[in-house]
Structures are given as C-alpha cells and as structure tokens.
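Working notes, structure below.
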Amino acid sequence: MNLLLDSGLDEDRQEKILADVETMIVKQGELLGVHDWGVRPTAYEVRKHKDASYHLIQFHATPELLLALDHSLKITDGVVRYRVIKLKPGTPAPPEQRPAFVATGDGADE
Numbered sequence: 000m001n002l003l004l005d006s007g008l009d010e011d012r013q014e015k016i017l018a019d020v021e022t023m024i025v026k027q028g029e030l031l032g033v034h035d036w037g038v039r040p041t042a043y044e045v046r047k048h049k050d051a052s053y054h055l056i057q058f059h060a061t062p063e064l065l066l067a068l069d070h071s072l073k074i075t076d077g078v079v080r081y082r083v084i085k086l087k088p089g090t091p092a093p094p095e096q097r098p099a100f101v102a103t104g105d106g107a108d109e
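Going by numbering that gives the first Met the number 0, 47 is the number at position 48 of the sequence shown; the sequence numbering is gapless.
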C-alpha cells in the first residue's frame, strides 16, 4: 500500500496514523515491511497538497482487512491518498531510497 500523509502534520500525528494502520494489519494479517520515503512533491495537486509524506507498507491481508483499512483511511484526517496494490508472487523487494541530489553550486557536481 502506498500511503500519502499530509506533510504539514506534526510527527506525532503521522506516527499515530502509521501505528494505527500497522496495528490493524498485525491483528488481521501479516505485516511484511514499512518504508518511509520522506516528503516528496506530488505529480499534481492532490486535495490542495503539492507535496506529501510517502510511506510504503507491504502486508498480506484478507478481504475483510482490506475493507477495514479502506474505511479507516477514508475517515482519517491527515491521509491525503492511499492505494492498495496486489503484488504478483515473486515480486522483488522495493529498492532502497537513494539520497536526494543536492547541487552545491561550486561546479563540482556537473
């Protein structure tokens, strides 16, 4: 699942949302991994947000868990967007996040 949270939320609120999602998954499914991809610009404005805090959560779930997650995330303030994607067996793990390129302006990075 790709989960985009409002980047303007304080860290405690973002952690609470993530903890609630993880708790739901652990109770009814199997949590495989949680990856914080940091704040990134969105391709286009989503609910008047130009950027969001991106999170990738990998898990195994029952249809009941998917319905519960859908309902919970729809009514949770701070969730900009989410998308559950079913992966095919044998799909490789997500790549590690690379550090952002930062231009120094001294010409050494050209």
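Yeah, the Cβ is synthetic: ideal placement off N, Cα and C, and Gly gets one too.
Return helix, strand or coil for residue i, following the three-state DSSP convention.
i: R46; result: coil
i: D108; result: Residue confidence is low: D108 scores 46 on pLDDT, short of 50, so the model does not pin down where it sits. No coordinate-derived value is stated.
i: A102; result: In this predicted model, A102 has a pLDDT of only 42, less than 50, meaning its place in the structure is not dependable; the value taken from the coordinates is given anyway. Three-state result, A102: coil.
i: P93; result: coil
At what residues does the beta strand (DSSP E) containing residue i begin and finish?
i: V78; result: 78 to 82
Within the chosen definition, does the region 24 to 43 reach the region 52 to 61 through at least 3 CB pairs nearer than 8 Å?
-> Contact check between the region 24 to 43 and the region 52 to 61: three or more CB pairs, one atom from each, fall below 8 Å, which counts as touching.
Tell me the start and end of each unbroken beta strand (DSSP E) in the region 2 to 79 that is at least 3 residues and wholly inside, in chain order.
-> Uninterrupted beta strand (DSSP E) stretches at least 3 residues long and entirely within the region 2 to 79 occur at 29 to 45, 48 to 59, given in chain order.
Are at least three pairs of beta-carbons, each pair with one atom in the region 62 to 69 and one in the region 43 to 50, less than 8 Å apart?
-> Contact between the region 62 to 69 and the region 43 to 50 is absent, because fewer than three Cβ pairs lie under 8 Å.
Quick one: any contact between the region 10 to 17 and the region 39 to 46, if contact means 3 or more CB pairs under 8 Å?
-> Counting Cβ pairs under 8 Å, fewer than three are found: no touch.
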